[in-house]
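First up is the structure itself, then whatever we jot down about it.
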Amino acid sequence: MSKKPKFQRPTGMRDILPSEQPYFEKVYRTVAEVAQFYGFDRIDTPIAEDLELYERGTGSGTDIVEKQMYTMKTRGGDALALRPEFTPGIVRAYNEHGMLNLPQPVKLYTLGPLFRYEHPQAGRYRQFHQVDLEVFGEESAAIDAQIIQIFYTILKELKFTHLIIEVNSIGDAQCRPYYKKVLVNYLRPRQNSLCADCRRRTRENPLRVLDCKEEKCQRVKAQAPQILDHLCEACKTHFKSLLEFLDEADLPYHLDPYLVRGLDYYTKTVFEIFSETAVQLREAAPRGASLAPLERGEETVQRNALVGGGRYDNLVRLLGGKDVPATGAAAGVERIISLMKEKGFPAAEVPGSKVFLAQLGDLPKKKSLKLLEELRIAKISIAESLGRDSLRTQLARADKLNVQYTLILGQREVLDGTIIIRKMDTGEQQIVKIEKVVDELKKRLKK
Ligand code: AMP
């Protein structure tokens, strides 16, 4: 066996090789098209932000902040974190750039890498990519439904079928504190059945117990009181209205009364979108254990959501802005791509070249550089092997690339100011003046 090279990529981080790029391209292009249609503008925020932005925004009791952040001290002494999610950075930008003064709602989308120090496994990386949509300044449940619809549409455009949307409401400052008490009263006598983290969470952040991945905690969760039974009137009305919008838009949803999502800032609506495969797996799992990894031979398969999001009406203020209602969601690009591959869904097409340039000898090689640039300006995509000398090797390469024409530039042609155009399927060759070659190719390629 050959020895491993000295340097390897960091654990949980991947190279996106050229063969995978068309999938990323396809996802990003689809997102941009759909998001722009719905009036979203692109924003890009820094990959690193103030550590405190996430401690406050994402929440200091969350797994992300407690266990998963890549943090650093800069040489100047600033405490920064590599972004583990997009929302706090976008809210920071909304506040910092006074976007409240723009006509509301402000609709933004972004995409790029995120970093979480997680236990690496299939579908879970330490550097991964998301596409993310956020809407500021709208409190209507219609916008929550629209965000769900947009992600549903994006997945449909990528050829996903049988998508399932899980929705829940996690209430607001009015009703959640009371529900928390009810939940703690339920959890307290069951401490021995919970993992060590959840025993602590019962005291510090009881809702987090509901999204613990430990199987024993899942069992306790299965009988826990449900927040939907404890919503205040405003949250109840909002949730009812959301479901009506989803019904009206023919979006297939399930209520998951224990869906709380791993972040602290959500108010009212939370949701996740799964693909068919994930749902089948879920149905195979025992009830109440739907978030647990499946057993026997399927240890790499989890019920992984493709999209997750919700409303966060207090976050803009919490991060130093005004009282601005907001809602948003993000999709995991690697998870989408892995399912696209598994299901044979198409990636973006990479347009191949229709022309190949073969050159023979020093002088033709030198002339080739200029000719290639002329063809680029004329938008004729052309392949070449400038490093090669033998005509046979170059024609074999042209054959492999399946081009329609090969240009052959030899010593004699350079001296005569000509070039040969070879039609690859018939082997027919024509000599043309070098200054005419662009026009001639354009004419032939148009046919
Ligand atoms: P979250 O920001 O945790 O709500 O995640 C939103 C989506 O991002 C999930 O539904 C996944 O598709 C994806 N995702 C989250 N964490 C990871 C990870 N560590 N590796 C790959 N994808 C992830």
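Read in this note's numbering, the sequence shown has 458 at position 433, and its numbers run on one by one without any break. Just so it is clear, CB atoms sit at the ideal spot from N, CA and C, and this is done for glycine as well.
Shown here for Gly345: same chain residues with a beta carbon closer than 6 Å to its own, the five before and five after excluded, namely Asn120 in chain order.
Relative to Leu331, the option among Gln152, Ala355, Leu470 and Pro389 whose CA is nearest is Ala355. Contact annotation: Gln419 and Ser406 have beta-carbon atoms that are not nearer than 8 Å. Per DSSP, reduced to three states, the secondary structure at Asp75 is strand. Contact annotation, Asp169 with Thr292: C-beta distance approximately 11 Å; criterion of less than 8 Å not satisfied. Residue pairing by DSSP puts Glu297 in a beta bridge opposite Glu191 and Gly333. One Cα belongs to Ala373, the other to Ile362, and the distance between them is close to 12 Å. According to DSSP, residue pairing for Gln152 in a beta bridge involves Phe140. Relative to the Cα of Thr112, the nearest Cα in the group Glu438, Lys390, Ser393 and Arg336 belongs to Arg336. For Tyr278, the pairing in a beta bridge is given by DSSP as Ile190. Comparing alpha-carbon positions, the option among Ala421, Lys404 and Arg437 lying closest to Lys471 turns out to be Lys404. DSSP, read as helix, strand or coil, puts Arg286 in coil. For Thr96, the uninterrupted beta strand (DSSP E) segment begins and ends at Thr96 to Lys98. Secondary structure of Arg67 (DSSP, three-state): strand. Within the chosen limit of 7 Å, ligand 1 reaches the beta carbon of Tyr150 through at least one heavy atom. In summary, Glu398 is exposed, with fewer than 16 beta-carbon neighbours lying within 10 Å of its beta-carbon over all protein chains present. For Gly84, the CB stays at least 7 Å from every heavy atom of ligand 1. Classified as buried, Arg108 has 16 or more neighbouring CB atoms from the shown chains inside 10 Å of its CB. Distances between the C-beta of Gly369 and the heavy atoms of ligand 1 are all 7 Å or more. Taking each of Arg401, Gly412, Val375 and Ser378 in turn and checking the Cα distance to Lys391, the smallest one comes out for Gly412. For the 8 Å CB-CB criterion, Leu183 and Val52 form a contact.
Comparing alpha carbon positions, the residue from Gly452, Thr451, Met449 and Ile445 closest to Lys461 is Ile445. With fewer than three CB-CB distances shorter than 8 Å, the segment 52 to 69 does not count as touching the segment 77 to 94. Between Leu127 and Ala106, the C-beta gap is not smaller than 8 Å, which leaves the two residues out of contact. Beta-bridge partners of Asp157 (DSSP): Thr135 and Ala355. Here the segment 174 to 183 makes no contact with the segment 231 to 248; the two share fewer than three CB pairs at distances below 8 Å.
The shortest C-alpha to C-alpha distance from Leu385 to any of Thr352, Cys220, Thr443 and Leu434 is the one to Leu434. Of the candidates Arg469, Val349, Phe381 and Ile172, the residue whose Cα lies closest to the Cα of Phe296 is Ile172.
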